[in-house]
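Residue numbers (UniProt numbering): 595 to 882.
Input: a single structure, listed below in structure tokens.
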Ligand code: C2E
Ligand code: MG
Ligand code: MG
Ligand code: MG
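What follows is the structure in structure tokens.
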């Protein structure tokens with residue numbers, strides 16, 4: 595009985611695995627072609643100063659318009675690009691594009707670029723960053739590189755070396771998705787990091803009874819003690835924004851203000867002037 599049960603499981607399981615592997619292989623083939631043809635778009639999501647309401651900068655977010663599947667989520671194709679050895683080429687394209695677009699923005703605005711750990715650990719990475727800055731003419735302090743906590747937990751020495759090389763260029767470093775990666779608040783000060791991006795999961799539960807507000811307060815205080823800026827990710831409600839402001843968080847990013855936009859739409863938003871007024875009127879019109 596056990597044997598036939600096992601065989602049945604086997605028969606049920608294999609075709610599904612096969613389908614998944616096929617789908618993945620297909621997507622990998624299409625991704626290879628897309629990278630070769632540079633068939634991507636870069637969108638930009640505003641990072642907003644919580645006190646002034648001004649757009650302090652934008653995060654560049656990669657978009658892959660797939661002919662059949664519509665926009666494929668970067669959460670799906672970035673790990674694939676890492677697995678099949680495409681992330682360096684893709685990441686380099688993002689860096690070049692982001693710098694090239696940001697150089698046209700008001701000089702006070704920064705651009706944040708997500709960096710894959712694989713890309714970060716290549717010995718040539720700081721050179722690639724320097725080249726992108728030189729080619730675009732973007733001032734180094736206007737480029738912010740977003741890295742994740744995992745990088746701080748492994749190969750600490752080499753991470754520090756690369757971070758110091760990047761800092762020497764004048765670029766800023768932000769720690770993305772902070773609080774999700776099991777790193778400890780207590781050693782943050784050991785790394786040359788300029789900004790901490792508090793993960794959306796903390797923002798989601800911020801206004802709950804016994805929610806994350808005390809944790810966010812602690813992060814903000816430790817960051818301030820180390821002269822680091824704090825930004826809250828995924829802010830969707832005015833209540834979250836108001837509490838974050840109260841807790842001393844300096845910047846926010848989220849659908850409350852704006853999703854990621856194509857470069858032209860973002861330029862129109864910036865040209866619209868007082869962005870706080872814009873978002874206030876957008877809120878007013880969406881409130882029935
Ligand atoms: P991330 O760096 O944490 O980027 C923020 C993600 O949250 C973006 O998703 C953004 O669209 C989304 N988001 C922003 N505000 C809100 C909100 O209020 N509510 C909700 N529900 N979501 C919000 P996206 O664009 O799908 O990107 C997902 C992840 O893919 C990014 O997370 C980043 O880790 C990665 N990624 C995107 N572009 C690149 C890239 O050029 N290079 C690399 N290495 N990774 C990238
Ligand atoms: Mg990011
Ligand atoms: Mg993030
Ligand atoms: Mg995130």
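For glycine and all other residues, C-beta sits at the position ideal for the given N, C-alpha and C.
- Rounded to the nearest whole angstrom, the C-alpha separation of residue 833 and residue 800 is 9 Å.
- The three-state reading of DSSP puts residue 664 in strand, counting E and B together.
- Distance from the CA atom of residue 709 to the CA atom of residue 763, rounded to whole angstroms, is 16 Å.
- Around residue 856, the same chain offers 635 and 637 as residues with beta carbons nearer than 7 Å, after the five sequence neighbours per side are excluded.
- When 842, 788, 819 and 784 are compared, the shortest CA-CA separation from residue 810 is found for 842.
- In this structure, residue 802 has its CB at a distance of at least 7 Å from all heavy atoms of ligand 2.
- Under the three-pair Cβ rule at 8 Å, the segment 715-734 counts as touching the segment 687-696.
- When the Cα atoms are used, residue 620 and residue 714 turn out to be separated by approximately 27 Å.
- Excluding five sequence positions before and after residue 658, the CB atoms of its chain that fall closer than 7 Å to its own CB belong to 628, 634, 665, 666 and 671, given in chain order.
- Considered as a whole, the segment 786-825 harbours 794-798 and 807-819 as its complete alpha helix (DSSP H) runs of no fewer than 4 residues, in chain order.
- Runs of the beta strand (DSSP E) lying entirely within the segment 745-784, each at least 3 residues long, are 766-772 in chain order.
- Annotation for residue 752 indicates a beta carbon at 7 Å or more from all heavy atoms of ligand 1.
- Counting C-beta pairs with one atom in each stretch, the segment 698-705 and the segment 648-663 have three or more that are closer than 8 Å, which means they touch.
- In this structure, residue 793 sits near residue 827, with a CB-CB distance shorter than 8 Å.
- In this structure, the straight-line span from the alpha carbon of residue 846 to that of residue 646 is close to 12 Å.
- Scanning 654, 797, 787 and 852 for the CA closest to the CA of residue 687 turns up 654.
- Set against 7 Å, the gap from the CB of residue 705 to the closest heavy atom of ligand 1 is not smaller.
- Residue nearest to residue 761 within the set 786, 780 and 624 is 786 (criterion: CA-CA distance).
- Rounded to whole angstroms, the separation of the alpha carbons of residue 759 and residue 720 is 7 Å.
- By the Cβ criterion, the segment 815-823 is not in contact with the segment 672-687, since fewer than three pairs of Cβ atoms, one from each stretch, lie closer than 8 Å.
- Collapsing the DSSP output to three states places residue 713 in a helix.
- Under DSSP, residue 671 takes part in no beta bridge, so it has no partner.
- When the alpha-carbon of residue 775 is set against those of 766, 742, 804 and 840, the nearest one is in 742.
- Apart from sequence neighbours up to five positions away, the residues of its chain that approach residue 745 with a beta-carbon distance below 7 Å are 711, 714 and 753, ordered along the chain.
- Counting only residues of its own chain and dropping the five nearest sequence neighbours on each side, residue 849 has a CB closer than 7 Å to the CB of 830.
- With respect to residue 737, residue 697 sits apart: the two C-beta atoms are not nearer than 8 Å.
- Residue 658 sits in a strand when the DSSP states are folded into three classes.
- Taking 7 Å as the cut-off, the C-beta of residue 795 does not count as close to any heavy atom of ligand 1.
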